[in-house]
Structures are given as structure tokens and as C-alpha cells.
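Q: Sharing a structure, written as C-alpha cells. Questions coming.
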Amino acid sequence: MEKVTQLDTFRSVSKGVGRFNVQGKRLLIPQMNQFNSQLLAGVFKSFGVNAKAMETYEGLDLGKKYTSGKECFPCIVTLGDILLFMKKERERLGESFNPENYIYFMPDADGPCRFGMYNKFHRIILDSIPGLDKVKISELNSDDAYDLKGLIPKENLIAFRKAGYLSIVVGDILDRLVWRIRPYEKVEGMADTFIN
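My numbering applies: residue 57 is where the sequence shown begins, and numbers increase by one.
Structural data, given as C-alpha cells:
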């Protein structure tokens, strides 16, 4: 087995995380908040991108298999979600499965939160699994005010920003509504039924 150096890992993260054209690819959006993810996927779809908000928590055990337990919980969950999705796609499509047809959308951020490292960590794990090194991770980051160049055609940037921002605000409001309503449910599941 070939020895992997820190430089190899850096090169892997550098080439596999960035801005990639999502046209003609399946854009996979993790559920950091169920409403935001669904609404953001809808915004991408309205601009011609084949986007999907992935199911969440189903892959938790798979995420735990590749982590130490010291990572932030959402990092473990989202890792498990992408790994399980890819596993199911590989089983569903068989020989026609092509990991290059998928782009995983995991933004980036600066500051004290470890969220900024999720996409790099996910890249390292995807690279360690045969075939999944071809799955690209598309990021947005605060370095350039979350510029969308490369993701969305230039003529649609302003409209996409407005719709994307609105989807996040509405998703946050819906999330707060569920958390406010749920403690007062008379029948379990009523809050989810009301919101959905």
C-alpha cells in the first residue's frame, strides 16, 4: 500500500473542493436545516440545476464509522448522508454509476466554528473510498462574499442570490415555527403535518 503524505492530502483537498459548473450534474445538498435544504434545492432547480436535498440521519452510523466522535455532530451526520446516498446510487445504478455525475454542495465559512472544515474533511473521506474520489465538492465561502461564479450562469446571478437568500430566510422561519409548535402538540407529529 502506498504511503499517503500530508502533501498528498493537501493536493487532494485542493483539487476536489472548489467552484465547479453544476450544469448537467446532480447537485446534492445536505440537510443542515430541513426547510432550508428543500427550499434551496428548489431554487437551484428553478435555475435549471438538477438539485436534490439529501435525506438525513439515515446515514448516521456510516458517518460514525469514518469519524472519531470528536467532530461536530452535523459534520458526522452530513458525512453519513453523502456516503449513504452514494452507496444507494451505486447499488441502484450498478455498472452505469458514475461518481463524476454528482457534485456535493458544502459551503465554507471562516471564524471559530469548525463548519469551515467540513468540506475538507468530507473530501479526505471521499478520497479514501474507491470511486468516490471523483465526486466533486462545490463550495461557497465568505472570502468572496459567497460569489456564485461557476455555479450559476452570470446572467442569473442576481436573481439566484435573491431567491436563494429568501429561501434561507423562509426556511429559518419555518424551522422556528416547528420548534415553537412541537412542545404543544396534542397529537404527536402534528407540528410536522402542519408545516409540511
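Even for Gly, the Cβ is constructed at its ideal location relative to N, Cα and C.
Please read these numbers as outputs of a predicted model, since none were measured by experiment.
May I ask you to report which of helix, strand or coil DSSP gives Y174?
A: It is helical.
Q: Short of 7 Å in beta carbon distance, which residues of its chain neighbour Y158, apart from the five on each side in sequence? Order them along the chain.
A: Result list for Y158: K81, R82, L84 and V191, in chain order.
Q: Taking C-alpha atoms, which residue in R232, Y221 and K176 lies nearest to V99?
A: It is Y221.
Q: Determine the DSSP secondary structure at N158, reduced to helix, strand or coil.
A: The question names Asn, yet the displayed sequence has Tyr at residue 158. If DSSP states are grouped into helix, strand and coil, Y158 belongs with the strands.
Q: What are the residues that DSSP puts in a beta bridge with K192?
A: In the DSSP output, where bridge partners are listed per residue, K192 has I159.
Q: Do M110 and I138 have their C-beta atoms within less than 8 Å of each other?
A: Cβ atoms of M110 and I138: closer than 8 Å.
Q: Leaving out the 5 sequence neighbours to the left and right, which residues in its chain are closer than 8 Å to K71 when beta-carbon positions are compared?
A: Result list for K71: empty, nothing under 8 Å.
Q: Is DSSP giving A107 helix, strand or coil here?
A: The answer is strand: DSSP assigns A107 an E or B state.
Q: My output table needs one value for R238: the three-state DSSP class, helix, strand or coil.
A: Of the three classes helix, strand and coil, the one that applies to R238 here is helix, per DSSP.
Q: Return helix, strand or coil for V243, following the three-state DSSP convention.
A: V243: coil per DSSP, three-state reduction.
Q: Under a three-way DSSP split, which group does I85 fall into?
A: Three-state result, I85: strand.
Q: Would F250 and I237 be called neighbours here (beta carbons separated by less than 8 Å)?
A: Against a cut-off of 8 Å, the Cβ pair of I237 and F250 comes out as a contact.
Q: Within a Cβ cutoff of 6 Å, which residues of the same chain sit near E114, ignoring the five residues on either side of it in sequence?
A: So the qualifying residues of the chain are L140.
Q: Please state whether the Cβ-Cβ distance between V234 and L95 is less than 8 Å.
A: Contact: no.
Q: Tell me the DSSP secondary structure of V73 in three-state form.
A: Strand at V73.
Q: Applying the criterion that 16 or more other CB atoms from any shown protein chain within 10 Å of the CB defines a buried residue, is A215 buried or exposed?
A: So A215 counts as exposed.
Q: Near N92, which residues of its chain fall below 6 Å by C-beta distance, leaving aside the five closest residues on each side in sequence?
A: Taken in chain order, the residues that qualify are I224 and G227.
Q: Determine the contact status of L207 and R75, defining contact as a CB-CB distance below 8 Å.
A: The answer is yes: Cβ separation under 8 Å.
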